Amino acid sequence: MRLWKLSYISTAVAAPDEALHQLHEICARSDDRNARAGISSIATVHRGRFAQVIEGPEDAVRALLRRIMGDPRHHSVLVLADAPLVERRYADWSMTYRDPKAFIHDQIDDILKQTADVVRAMKATWH
Numbered sequence: 085m086r087l088w089k090l091s092y093i094s095t096a097v098a099a100p101d102e103a104l105h106q107l108h109e110i111c112a113r114s115d116d117r118n119a120r121a122g123i124s125s126i127a128t129v130h131r132g133r134f135a136q137v138i139e140g141p142e143d144a145v146r147a148l149l150r151r152i153m154g155d156p157r158h159h160s161v162l163v164l165a166d167a168p169l170v171e172r173r174y175a176d177w178s179m180t181y182r183d184p185k186a187f188i189h190d191q192i193d194d195i196l197k198q199t200a201d202v203v204r205a206m207k208a209t210w211h
């Protein structure tokens with residue numbers, strides 16, 4: 085069972101205020117289901133655009149993506165990351181809302197950590 089990370093953005097069908105309300109409902113309903121499937125996830129919505137990061141066993145992540153793709157509350161799903169994961173970043177949350185600023189801050193921290201990990205790995209091969 086490989087640990088996997090997938091992130092995507094999409095466009096909400098509803099107006100921005102309603103999209104925020106919908107996302108809070110999704111988080112509340114998905115928390116238990118994601119926990120049972122071994123999924124950890126954060127999501128946000130900003131100016132009518134959803135963004136989500138999903139972590140977990142690859143088969144569970146892919147099954148969740150199929151459900152997400154069929155959700156009529158959004159369209160134009162664009163997968164940004166779809167790759168193996170060494171360590172979960174969001175293990176404490178099976179499904180939670182993050183305000184847009186905190187969400188972006190988390191993503192920048194993750195990119196910086198991944199970059200540092202790659203540089204360390206590359207330096208280890210130089211000797």
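Just so you know, the working numbering puts 111 at position 27 of the sequence shown, and the rest follows in order with no gaps.
By construction, the Cβ of each residue, glycine as well, lies at the ideal position given by its N, Cα and C atoms.
Computed from a prediction, not measured in an experiment: that's the story for all the values here.
- Three-state secondary structure (DSSP) of A121: A121 falls in the helix class under three-state DSSP.
- Over what stretch of residues does the alpha helix (DSSP H) that includes L162 continue unbroken? No alpha helix (DSSP H) contains L162, which is instead part of the beta strand (DSSP E) from H158 to P168.
- Task: Return the chain-ordered list of same chain residues with a C-beta closer than 7 Å to the C-beta of D194, the five sequence neighbours on each side being excluded.
- Result: These residues qualify, in order along the chain: R173.
- Task: If I'm right that E80 touches K89 with Cβ under 8 Å, what's the distance once you round it to whole angstroms?
- Result: Any answer about residue 80 is impossible in this case: the structure gives the chain only from 85 up to 211.
- Task: Quick one: residues in its chain with C-beta nearer than 6 Å to the C-beta of D190, no 5 flanking neighbours on either side, listed in chain order?
- Result: Taken in chain order, the list of residues that qualify is empty.
- Could you check how far apart the C-beta atoms of A112 and A103 are, in whole angstroms? I think they sit under 8 Å. The Cβ separation is near 15 Å, so there is no contact.
- What residues match up with G140 in a beta bridge as DSSP calls it? According to DSSP, which records beta bridges pairwise, G140 is partnered with W88.
- Cβ neighbour criterion (16 or more within 10 Å) applied to A205: Burial check for A205: the Cβ neighbour count within 10 Å stays below 16, so the residue is exposed.
- Counting only the same chain and skipping the five closest in sequence on each side, list residues whose C-beta sits under 6 Å from that of H130. A distance below 6 Å between beta-carbons, with the five flanking residues on each side excluded, links H130 to the following residues of its chain, in chain order: P184.
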